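Just below is one structure, and these are the notes that go with it.
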Amino acid sequence: GESVGLHLPTLSVQEGDNSIINCAYSNSASDYFIWYKQESGKGPQFIIDIRSNMDKRQGQRVTVLLNKTVKHLSLQIAATQPGDSAVYFCAEVTGGFKTIFGAGTRLFVKA
Amino acid sequence: EAEVAQSPRYKITEKSQAVAFWCDPISGHATLYWYRQILGQGPELLVQFQDESVVDDSQLPKDRFSAERLKGVDSTLKIQPAELGDSAMYLCASSFGGLGEKLFFGSGTQLSVL
Chain A
1 GESVGLHLPT LSVQEGDNSI INCAYSNSAS DYFIWYKQES GKGPQFIIDI RSNMDKRQGQ
61 RVTVLLNKTV KHLSLQIAAT QPGDSAVYFC AEVTGGFKTI FGAGTRLFVK A
Chain B
112 EAEVAQSPRY KITEKSQAVA FWCDPISGHA TLYWYRQILG QGPELLVQFQ DESVVDDSQL
172 PKDRFSAERL KGVDSTLKIQ PAELGDSAMY LCASSFGGLG EKLFFGSGTQ LSVL
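So the protein lines, in turn, are chains A and B. Just so we're aligned, residue 1 is where the first sequence starts under the working numbering, counting upward by one. Just so we're aligned, residue 112 is where the second sequence starts under the working numbering, counting upward by one.
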């Protein structure tokens with residue numbers, strides 16, 4: 001069935017290094033993908049999105065890559081900071097309106 | 112910056128009791144969502160409203176859960192009777208149009224059923 005999954009449940013990086021969080025999706029008909037960041041005790045917060053007609057999109061310190069051939073999504077965070085410590089979710093939108101979340105990856109940033 | 116408001120922030124109840132959660136979306140957002148998030152997992156959609164109409168409630172346990180958005184603005188999610196397995200974070204989100212858009216989440220209601 002439809003599912004969005006992550007390869008690594010926990011990622012630990014040194015402050016200042018780049019972080020890469022990966023995500024696999026199974027519904028080839030999904031046309032919109034979003035990365036959310038969730039800090040402890042808060043709701044998920046939008047980071048960056050990408051449409052299926054694109055393969056790369058950049059924001060401030062973040063880049064999302066989409067590989068439709070292998071149904072893979074990644075979030076790259078440049079110069080990771082302690083404030084980046086959180087759980088990161090990828091989500092796919094199917095049927096034009098239904099958002100399905102993956103299980104999440106916890107990012108630890110070591111000072 | 113406009114935010115999605117939710118209350119209460121925390122709720123502790125005993126099983127078989129009734130509980131209710133309230134959500135006020137960002138002004139002008141037509142679409143409202145209720146998600147349930149179990150610790151260590153991603154949010155799971157319970158119900159989605161477009162204005163006052165239900166768009167998707169396929170994952171809502173209708174024998175005990177109900178949701179309404181009578182005037183197409185704020186919304187209430189109710190559980191009656193609560194069960195131990197209902198302990199989770201209940202998140203409300205809204206979006207402007209609802210069709211493939213990013214969601215804005217509230218801080219959630221943490222429910223503990225004893």
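C-beta atoms are modelled at their ideal positions from N, C-alpha and C, and glycine is treated no differently. Here the structure is a predicted model, which is why all the values come from computation and not from measurement.
With a cut-off of 8 Å on the beta carbons, I'd call residue i and residue j a contact; round off their distance for me.
i, j, result
"B:G153", "A:G59", "Not really, about 21 Å apart at Cβ, beyond 8 Å."
"B:F207", "B:A141", "7 Å"
Roughly how many whole angstroms lie between the Cα atoms of residue i and residue j?
i, j, result
"A:D17", "B:S205", "34 Å"
"A:N27", "B:Q148", "22 Å"
"B:K213", "A:T94", "13 Å"
"A:H7", "A:A24", "Because the pLDDT of A:H7 is 45, which lies under 50, any placement of that residue in the model is unreliable, and the number read from its coordinates should be weighed accordingly. Their backbone Cα atoms lie some 7 Å apart in a straight line."
"B:T220", "A:S19", "31 Å"
"A:E92", "A:Y36", "11 Å"
"A:V109", "A:C90", "19 Å"
"A:R57", "A:L65", "7 Å"
"A:S12", "B:F215", "27 Å"
"A:A86", "B:S127", "34 Å"
"A:S40", "B:E163", "31 Å"
"B:V165", "A:A111", "47 Å"
"B:E179", "A:Q14", "46 Å"
"A:T99", "B:D168", "13 Å"
"B:G139", "B:Y201", "22 Å"
Taking C-beta to C-beta, are residue i and residue j nearer than 7 Å?
i, j, result
"B:V158", "B:S198", "no"
"A:V62", "A:I48", "yes"
"B:E160", "B:L143", "The question names Glu, but residue 160 of chain B in the sequence shown is Phe. Yes, the Cβ-Cβ distance between B:F160 and B:L143 is below 7 Å."
"B:V130", "B:C203", "no"
"B:D185", "B:D135", "yes"
"A:I21", "A:L75", "yes"
"B:S118", "A:K42", "no"
"A:L107", "A:Y88", "yes"
"B:L150", "B:Q170", "no"
"B:K122", "B:L222", "yes"
With DSSP as the reference, label residue i as helix, strand or coil.
i, result
"B:L195", "helix"
"A:D55", "coil"
"B:D167", "strand"
"B:D135", "strand"
"B:A116", "strand"
"B:E155", "strand"
"B:V149", "Reading off the sequence shown, one finds Ile at residue 149 of chain B, where the question assumed Val. Residue state, collapsed to three classes: coil."
"A:I100", "strand"
What beta strand (DSSP E) runs, 3 residues minimum, are completely inside the stretch 15-52 of chain A?
-> 19-25, 32-38, 45-51
Report the residue ranges of all beta strand (DSSP E) runs contained in full by the stretch 52-95 of chain A; include only those spanning at least 3 residues, in chain order.
-> 56-58, 62-67, 72-77, 86-94
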